[in-house]
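*Asks:* The structure that follows is given in the form of structure tokens.
Protein chains: 2
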Amino acid sequence: MEKKAFIGIDLGGTNMRAALVDTAGSIVEQIKISTEISQGAEPAAENLLEMCRRLMDRARSGQLKVEAVGMGVAGKIDPQEGIVVFSPNLPAMDNFPLGVKMEQALGIPVIMENDANVFGLGENWVGSAQDLSHWVGLTLGTGVGGALILNNRLWQGDNLGFSAEVGHLVVDPKGPRCTCGSDGCLESHSSGRALMEGVEAAVNKGKLVNGKLFDLWQREKLTAQDIYLCGKEGDPASLELFQRMGWALGIAISNIFMLLGIRHAIIGGGVSASWDLFIDPLMQTLRTTNKFLNAEQMVVRKSVLGDDAALLGAARLAWDFHRE
Amino acid sequence: MEKKAFIGIDLGGTNMRAALVDTAGSIVEQIKISTEISQGAEPAAENLLEMCRRLMDRARSGQLKVEAVGMGVAGKIDPQEGIVVFSPNLPAMDNFPLGVKMEQALGIPVIMENDANVFGLGENWVGSAQDLSHWVGLTLGTGVGGALILNNRLWQGDNLGFSAEVGHLVVDPKGPRCTCGSDGCLESHSSGRALMEGVEAAVNKGKLVNGKLFDLWQREKLTAQDIYLCGKEGDPASLELFQRMGWALGIAISNIFMLLGIRHAIIGGGVSASWDLFIDPLMQTLRTTNKFLNAEQMVVRKSVLGDDAALLGAARLAWDFHRE
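These protein sequences, in sequence, are chains A and B. Quick note: the first sequence uses the numbering used here, first residue 1, plus one each step. Quick note: the second sequence uses the numbering used here, first residue 1001, plus one each step.
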């Protein structure tokens, strides 16, 4: 007899990845191609369909039956309508009925969610949060995303099209301007973009005038990873930025714990690779700010699934939909 | 046949109030006496028992049967153990097994909760939030308390003994020191105490040197209500404090909406009587800070039950316990 399986898709600005996932939460097979969204939404959708068809073939040969497809997309999604409302990293997708098109072509349900939310579902299923009922997830990338899991389910609030927008929690109203237009959001302190803009600001203030970090910046070759590597070598401007990143995360997580009466946070996303440079100021801030919990009670874990969190969470999204 | 009824108690630092409440959410009778906690916890408990016995007699004469007692207490409560862990306004009650003692004496269940949480239950039952499933409540008094109602129930998180501690959300890490020891909590901007300390700070900075507000302060006669009345008369130092109060509430409520994907807040407590002086800066801040919701979507309501919210909520707490 065929066993149930699901396809999880992670649609990012750079790559699109798809995986065939079984009900034990194991990835049976995965495919990754570059997104090449510049050719428009239709060809990108065609590529996604091709990936799904290949995985559905693979499923059949392994006595698996794909019941539904789940998809994590960076940006604002309308899950009910299957539309990418607005995606900063995939502008060609704006208002494109991606879910509907794919559903029609594949003949099985296609469910979409925000990428940070599928990260949350993945970690909750087979990752760092398997043992938790209530927790907050933070994804540190170019921006900062979030997922809130309450009673083991993705918390969707009033279904307004957003939830757990931790990147836009104001942590310091006198802090740097965020891309959203507000001042002092978590994202303007603790994202890849905040690191890059922090170097720019240090140069403009005359605080950074030479050295490796300055050279990379001047040659327009600087990446967030370079800032991390310079920090590891002891560069003070870099270390100050990671200090600020950890401090802002500490304020935000303390506020979340205080509001929800919970005590677990899980951090993922590409920039979480700089964990060793921000975790100490983060925990230090958490301890001094939160007077309702002891230091030992507050637990901040790193994602264990890495890139696979979104793929597994997207598959789980499909499974949860299928069961309802 | 006798109908079910419940007793709701509001145990505050100044007064203790008790009410007989029917299952329609109507107050059949209420009693109020001064707390006189200076004589210790035992006599205060005896007074509470006497009030309960009178209300139970009253119930019998009206064909009602009191099934349980609910009690809202300012401070940290251990609801499971029926103990007042720590109450700044009722220090004699610290670690006193109030719930247990009353249960033994009355022979019916006595359930305790934090006073802000019973406010939330009251407004949710028969007050400003009857039509809502998910909302946050803020009580502005000497301090700032909070209640979080999700799926029409009091959200208790991981049962750590606190939840919805909105007074200790940091809104400005460079803001005034809070009694909790952190800098820039909501409570250090938006409470009765913050108003009083704000006048003190204005005097110390030489910004307030004469006028009615200054006179009252100098004669040590100043109350939060006086600060409100001076604001109504156009006193600039007072208006600045209410501006700050509204601004801080706007930041905190925006963050709560952003995190939970919700859009309703209800404000109660004695200091909410100064509504007309803080609601404009509050709404203005909310509109400029929250980029995920339109101005029309964000709803901030005033408590309609006033002092009765806690009494009714405490009775509802008892009813909910009785049904489980």
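Built from N, CA and C at the ideal position, the CB exists for glycine as well.
1. Give me the residue from B:R1244, B:K1076, B:S1128 and B:V1304 with the minimum Cα distance to L1277 of chain B.
2. Count the other C-beta atoms from every protein chain shown that fall within 10 angstroms of the C-beta of N124 of chain A, then say buried if there are 16 or more, exposed otherwise.
3. Output the distance between the C-alpha atoms of S1190 of chain B and S1274 of chain B, rounded to the nearest integer angstrom.
4. Under 8 Å, with one C-beta from each stretch per pair, do the segment 1238-1255 of chain B and the segment 165-172 of chain A reach the 3-pair mark?
5. Per DSSP, what kind of secondary structure is I1108 of chain B in: helix, strand or coil?
6. DSSP puts F1096 of chain B in a beta bridge; with which residues?
7. Round the Cβ separation of N1047 of chain B and I1031 of chain B to the nearest angstrom and send it over; I've been treating them as touching at under 8 Å.
8. Quick check on the DSSP output: the beta strand (DSSP E) that includes W1135 of chain B runs from which residue to which?
9. So for N1159 of chain B, helix, strand or coil by DSSP?
10. How do the segment 1304-1317 of chain B and the segment 1002-1009 of chain B stand: do at least 3 beta-carbon pairs fall below 8 Å, yes or no?
11. Just checking, does the segment 221-229 of chain A make contact with the segment 201-210 of chain A on the three C-beta pairs under 8 Å criterion?
12. On the DSSP bridge list, what partners appear for C185 of chain A?
13. Kindly provide the ranges of any alpha helix (DSSP H) runs that are 4 or more residues long and lie completely inside the segment 224-286 of chain A, ordered along the chain.
14. Since M196 of chain A is in the alpha helix (DSSP H), which residue starts that stretch and which ends it?
15. Roughly how many angstroms lie between the CA atoms of C180 of chain A and L241 of chain A, to the nearest whole one?
16. Given a cut-off of 7 Å, decide if L213 of chain A and S188 of chain A are closer than it, judged by their beta-carbon atoms.
17. Would you give the residue range spanned by the alpha helix (DSSP H) that K1212 of chain B belongs to?
18. First and last residue of the beta strand (DSSP E) that includes R1177 of chain B?
19. Name, please, each residue of chain B whose Cβ falls closer than 9 Å to the Cβ of G261 of chain A.
20. Taking just the CA atoms, how far does G1012 of chain B sit from G1127 of chain B?
21. Against L169 of chain A, what residues of chain B qualify as contacts under a CB-to-CB distance less than 7 Å, listed in chain order?
22. Counting only C-beta atoms, is C185 of chain A closer than 7 Å to chain B at any point?
23. Near E165 of chain A, what residues of its chain come up, given a Cβ to Cβ distance below 7 Å and the 5 sequence neighbours on each side ignored?
24. In terms of residues, what are the limits of the alpha helix (DSSP H) holding L1055 of chain B?
25. Apart from the five residues just before and just after Y1228 of chain B, which ones in its own chain have a Cβ nearer than 6 Å to its Cβ?
26. Quick one: residues in its chain with C-beta nearer than 8 Å to the C-beta of K3 of chain A, no 5 flanking neighbours on either side, listed in chain order?
27. Would you call the segment 102-112 of chain A in contact with the segment 47-56 of chain A, where contact means no fewer than 3 C-beta pairs closer than 8 Å?
28. Taking the CB atoms as reference points, tell me whether A1059 of chain B and L1106 of chain B lie closer together than 7 Å.
29. Note down, in chain order, each residue of its chain lying with its Cβ closer than 7 Å to the Cβ of G25 of chain A, except the 5 sequence neighbours on either side.
30. Smallest Cα separation from V28 of chain A: which of A:S61, A:I149 and A:P97?
31. Quick one: residues in its chain with C-beta nearer than 7 Å to the C-beta of S163 of chain A, no 5 flanking neighbours on either side, listed in chain order?
32. Going straight from the alpha carbon of C1000 of chain B to that of R263 of chain A, what length do you get?
33. Is D78 of chain A helix, strand or coil by DSSP?
34. Have a look at D215 of chain A and T14 of chain A and give me their C-alpha separation to the nearest angstrom.
35. For E67 of chain A and G1268 of chain B, what's the separation of their Cα atoms in angstroms?
*Replies:* Straight from the coordinates:
1. Here residue 1277 of chain B is taken as the residue at index 277 of the second sequence, counted from 1. Comparing alpha carbon positions, the residue from B:R1244, B:K1076, B:S1128 and B:V1304 closest to L1277 of chain B is B:R1244.
2. The sequence position of residue 124 of chain A within the first sequence is 124, counting from 1. Buried: at least 16 other Cβ atoms inside 10 Å.
3. Working through the second sequence from its first residue, we reach residue 1190 of chain B at position 190. Working through the second sequence from its first residue, we reach residue 1274 of chain B at position 274. Distance between the alpha carbons of S1190 of chain B and S1274 of chain B: 11 Å.
4. In short, these stretches touch, since the Cβ pair count reaches three.
5. Here residue 1108 of chain B refers to the residue found at position 108 of the second sequence. Three-state result, I1108 of chain B: coil.
6. Within the second sequence, the letter at position 96 stands for residue 1096 of chain B. Paired residue(s): B:V1084.
7. The count along the second sequence starts at 1 and reaches residue 1047 of chain B at position 47. The count along the second sequence starts at 1 and reaches residue 1031 of chain B at position 31. Contact flag wrong, Cβ pair sits at about 10 Å.
8. Indexing the second sequence from 1 puts residue 1135 of chain B at position 135. Annotation: the continuous beta strand (DSSP E) that includes W1135 of chain B extends over W1135 to L1140.
9. If you number the second sequence from 1, residue 1159 of chain B lands on position 159. In the displayed model, N1159 of chain B falls within coil according to three-state DSSP, outside both helix and strand.
10. They touch, by the three-pair rule.
11. Contact between the segment 221-229 of chain A and the segment 201-210 of chain A is absent, because fewer than three Cβ pairs lie under 8 Å.
12. Within the first sequence, the letter at position 185 stands for residue 185 of chain A. In the DSSP output, where bridge partners are listed per residue, C185 of chain A has A:V170.
13. As for any alpha helix (DSSP H) of minimum length 4 sitting wholly inside the segment 224-286 of chain A, the runs are 224-232 and 236-260, ordered along the chain.
14. For the purposes of this step, residue 196 of chain A is taken as residue 196 along the first sequence, with counting starting at 1. Residues G192 to N204.
15. Sequence index remark: in the first sequence, residue 180 of chain A carries index 180 (1-based). Sequence index remark: in the first sequence, residue 241 of chain A carries index 241 (1-based). Spanning the two alpha carbons is a distance of roughly 20 Å.
16. Indexing the first sequence from 1 puts residue 188 of chain A at position 188. Indexing the first sequence from 1 puts residue 213 of chain A at position 213. Pairing S188 of chain A with L213 of chain A gives a Cβ-Cβ distance that is not under 7 Å.
17. Stepping through the second sequence from its first residue, residue 1212 of chain B is reached at position 212. DSSP places K1212 of chain B in the uninterrupted alpha helix (DSSP H) bounded by K1212 to Q1218.
18. Reading the second sequence from its first residue, position 177 is the one you call residue 1177 of chain B. Careful: R1177 of chain B lies outside any beta strand (DSSP E) and carries neither H nor E.
19. Within the first sequence, numbered from 1, the residue matching residue 261 of chain A stands at position 261. Chain-ordered, the chain B residues with CB closer than 9 Å to the CB of G261 of chain A read L1148, W1155, Q1156, G1157, D1158, N1159, L1160, G1161, F1162, S1163, A1164 and E1165.
20. Numbered from 1 along the second sequence, position 127 holds the residue referred to as residue 1127 of chain B. Numbered from 1 along the second sequence, position 12 holds the residue referred to as residue 1012 of chain B. A straight-line Cα-Cα distance of about 21 Å links G1127 of chain B and G1012 of chain B.
21. Residue numbering aside, residue 169 of chain A sits at position 169 when the first sequence is read from its first letter. Within chain B, the residues near L169 of chain A are N1255, M1258 and L1259.
22. Position 185 of the first sequence, counting from 1, holds the residue named residue 185 of chain A. No, C185 of chain A lies away from the interface with chain B (no Cβ there is under 7 Å from its Cβ).
23. As a first step, residue 165 of chain A must be located in the first sequence, where it is residue number 165. Around E165 of chain A: G146.
24. For the purposes of this step, residue 1055 of chain B is identified with residue 55 of the second sequence, where counting begins at 1. Looking at the DSSP string, the run of the alpha helix (DSSP H) that includes L1055 of chain B is A1041 to S1061.
25. Along the second sequence, read from residue 1 onward, the residue named residue 1228 of chain B stands at position 228. Only residues of its own chain outside the window of five on either side were considered, and among them S1274 have a CB closer than 6 Å to the CB of Y1228 of chain B, listed in chain order.
26. Translated into positions along the first sequence, residue 3 of chain A becomes position 3. Once the five neighbours on either side are set aside, the close Cβ partners of K3 of chain A are D22, T23, Q63, L64 and K65.
27. In the pairwise beta carbon analysis, the segment 102-112 of chain A is classified as touching the segment 47-56 of chain A: at least three pairs are separated by under 8 Å.
28. Here residue 1059 of chain B corresponds to residue number 59 of the second sequence, with the count starting at 1. Here residue 1106 of chain B corresponds to residue number 106 of the second sequence, with the count starting at 1. No, the Cβ-Cβ distance between A1059 of chain B and L1106 of chain B is not below 7 Å.
29. As a position in the first sequence, residue 25 of chain A is number 25, starting the count at 1. Its chain contains W125, V126 and L312 as the residues whose beta carbon lies nearer than 7 Å to that of G25 of chain A, once the 5 sequence neighbours on both sides are disregarded; these appear in chain order.
30. Along the first sequence, read from residue 1 onward, the residue named residue 28 of chain A stands at position 28. Selection A:S61, A:I149 and A:P97 evaluated against V28 of chain A yields A:S61 as nearest (Cα-Cα).
31. Position 163 of the first sequence, counted from the first residue, corresponds to residue 163 of chain A. These residues qualify, in order along the chain: L148, W155, Q156 and G157.
32. Nothing can be reported for residue 1000 of chain B, as the shown portion of chain B is limited to 1001 through 1324.
33. Your numbering for residue 78 of chain A matches position 78 in the first sequence. For D78 of chain A, the secondary structure class from DSSP, reduced to helix, strand or coil, is strand.
34. Against the first sequence, residue 215 of chain A aligns to sequence position 215. Against the first sequence, residue 14 of chain A aligns to sequence position 14. Those two C-alpha atoms are separated by around 26 Å.
35. Within the first sequence, residue 67 of chain A is the residue found at index 67, counting from 1. Within the second sequence, residue 1268 of chain B is the residue found at index 268, counting from 1. C-alpha separation (whole angstroms): 50 Å.
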